[in-house]
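Just so you know, we're using our numbering here: the sequence shown kicks off at 1263 and counts up by one.
C-beta: ideal position from N, C-alpha, C; glycine also.
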Amino acid sequence: MTRKPLFLVAVLAVLLSSSNASAGVWFELLHAPCWTGDESNIAHDNGAIGRYRGSVDCFNKDFNGGGSRTTLSIKAFQAWEFGTMFLYYDITGPFNSAIADVATLNEKGGFFGGITLTLSGKYFSERLLQRQLDWGPLTNISFKYEAEHVAKFGMLSYYGIQWDLAVPGMDFVTATTVVRDDYMFRGVDFQVGAAWQKSFSLGSQDFKFLGFFQLGLFGEGVHRRDPLQKGNRFFLAQPQLLWDLGKTITFTPDKLLIGAEYQIAFNRYLIQNKTENVLQGMIRWNI
1263 MTRKPLFLVA
1273 VLAVLLSSSN
1283 ASAGVWFELL
1293 HAPCWTGDES
1303 NIAHDNGAIG
1313 RYRGSVDCFN
1323 KDFNGGGSRT
1333 TLSIKAFQAW
1343 EFGTMFLYYD
1353 ITGPFNSAIA
1363 DVATLNEKGG
1373 FFGGITLTLS
1383 GKYFSERLLQ
1393 RQLDWGPLTN
1403 ISFKYEAEHV
1413 AKFGMLSYYG
1423 IQWDLAVPGM
1433 DFVTATTVVR
1443 DDYMFRGVDF
1453 QVGAAWQKSF
1463 SLGSQDFKFL
1473 GFFQLGLFGE
1483 GVHRRDPLQK
1493 GNRFFLAQPQ
1503 LLWDLGKTIT
1513 FTPDKLLIGA
1523 EYQIAFNRYL
1533 IQNKTENVLQ
1543 GMIRWNI
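Shown next, in the form of structure tokens:
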């Protein structure tokens, strides 16, 4: 058997295997086909930003690659005694050959991700007061630090507060208020965001609606190497709608899900007028 069929058979067998373990680690495979994009109708804002006019399933044609793109996302979440840990890494063009000329490929093979640690304010307050605390709809307040890594730019940091909320009918809702500190720009920005998940059923079929958004309120200062650039205000949201395929085909529920992610972004990468509207097909495997 050749490498490619053998690889596909092995992946399928692992995806469909039964497991009783909770989903603290998961993989997401996303693909934007760029069916609605037209190479003859690309907007070159300031000669640099390649937006497919009118498209809803294309990335910008830019330093990361072309409009059609595949991304492998690796994620893990773990609660510990004093708080939580979350990490994610997105790999563009994860199946590019090691001998391929990445400079000529549609997918440039970059990565983007981060590691977040929180320290629970409620935990330390209860230990100090020696009693349980009831904060009503606010289930926890945590101190948050995130180290974000971008292959083409380097690392930046976020410092701030995470607010865990008890919202009826939701699996979880979390809000964040942080300072965004990117050393490539002079100054910092104040950023707010939220993440959520809602599980629901239609008849015998199970679904999840989840996602996040981030909003940079003021923008950072002038770029340290190029005084003509500055860090602009931005908005990024990635809602997902997933269907539990594993349960339907009689494998372990909440293990293999399929659906779509829609990304909407304004001033992407802090670049003025760089917008993206991308609809991606998605497979999620909870280990």
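Exposure of residue 1365, with buried meaning 16 or more beta-carbon neighbours within 10 Å: By the neighbour-count rule (16 or more Cβ atoms within 10 Å), residue 1365 is not buried but exposed.
Where residue 1506 falls, given that 16 or more other Cβ within 10 Å makes a residue buried: That one is buried.
Residue burial classification, residue 1388 (beta-carbon count within 10 angstroms, cutoff 16): Result: exposed.
Residue 1401, enclosing beta strand (DSSP E) - first and last residue: Its beta strand (DSSP E) spans residues 1400–1412.
Backbone secondary structure at residue 1385 - three-state DSSP: For residue 1385, the secondary structure class from DSSP, reduced to helix, strand or coil, is helix.
Unbroken alpha helix (DSSP H) run spanning residue 1543, endpoints: From DSSP, residue 1543 is part of no alpha helix (DSSP H) but of the beta strand (DSSP E) over 1538–1548.
Close Cβ partners of residue 1431 (< 8 Å) along its chain, the five nearest in sequence each way excluded: Take residue 1431, set aside five residues on each side of it, and the residues of its chain with a beta-carbon closer than 8 Å to its own are 1460, in chain order.
Separation of residue 1397 from residue 1336, as counted between CA atoms: So the alpha carbons of these two residues sit roughly 34 Å apart.
Assigned secondary structure, residue 1456 (DSSP; H/G/I helix, E/B strand, else coil): For residue 1456, the secondary structure class from DSSP, reduced to helix, strand or coil, is strand.
Length of the line joining the Cα atoms of residue 1498 and residue 1311: Going from the Cα of residue 1498 to the Cα of residue 1311 covers about 17 Å.
Three-state secondary structure assigned by DSSP to residue 1530: Residue state, collapsed to three classes: helix.
Top-ranked residue by Cα proximity to residue 1533, from 1391, 1345 and 1490: Among 1391, 1345 and 1490, the Cα nearest to that of residue 1533 belongs to 1490.
Proximity of residue 1538 and residue 1325 at Cβ, strictly below 8 Å: In this structure, the beta-carbon distance from residue 1538 to residue 1325 does not fall below 8 Å.
Contacting residues, own chain, Cβ-Cβ under 6 Å from residue 1477 (five flanking each side not counted): For residue 1477, the CB contacts under 6 Å within the same chain, skipping 5 residues up- and downstream, are 1454 and 1497 in chain order.
In chain order, each beta strand (DSSP E) run of at least 3 residues that lies wholly inside the segment 1294–1322: Inside the segment 1294–1322, DSSP marks whole beta strand (DSSP E) runs of 3 or more residues at positions 1304–1307 and 1311–1314, from first to last along the chain.
Coarse secondary structure for residue 1508, derived from DSSP in three states: In the structure shown, residue 1508 adopts helical secondary structure according to DSSP, grouped into three states.
C-beta contact flag for residue 1288 and residue 1547 at 8 Å: When the beta-carbon positions are compared, residue 1288 and residue 1547 come within less than 8 Å of each other.
Residue 1514 - DSSP class collapsed to helix/strand/coil: Three-state DSSP puts residue 1514 in coil, outside helix and strand.
CB of residue 1372 within 8 Å of CB of residue 1413, strictly: A Cβ-Cβ contact shorter than 8 Å links residue 1372 with residue 1413.
Reduced DSSP secondary structure (H/G/I, E/B, other) of residue 1390: Of the three classes helix, strand and coil, the one that applies to residue 1390 here is helix, per DSSP.
Separation of residue 1406 from residue 1346, as counted between CA atoms: Straight-line Cα distance between these residues: approximately 9 Å.
Residue 1362, DSSP secondary structure in three states: Of the three classes helix, strand and coil, the one that applies to residue 1362 here is coil, per DSSP.
Three-state secondary structure (DSSP) of residue 1445: It is coil, neither helix nor strand.
Local conformation of residue 1432 per DSSP, three classes: In the three-state DSSP reduction, residue 1432 falls in the coil class, being neither helix nor strand.
DSSP three-state assignment for residue 1324, whether helix, strand or coil: Under the three-state reduction of DSSP output, residue 1324 falls in the strand class.
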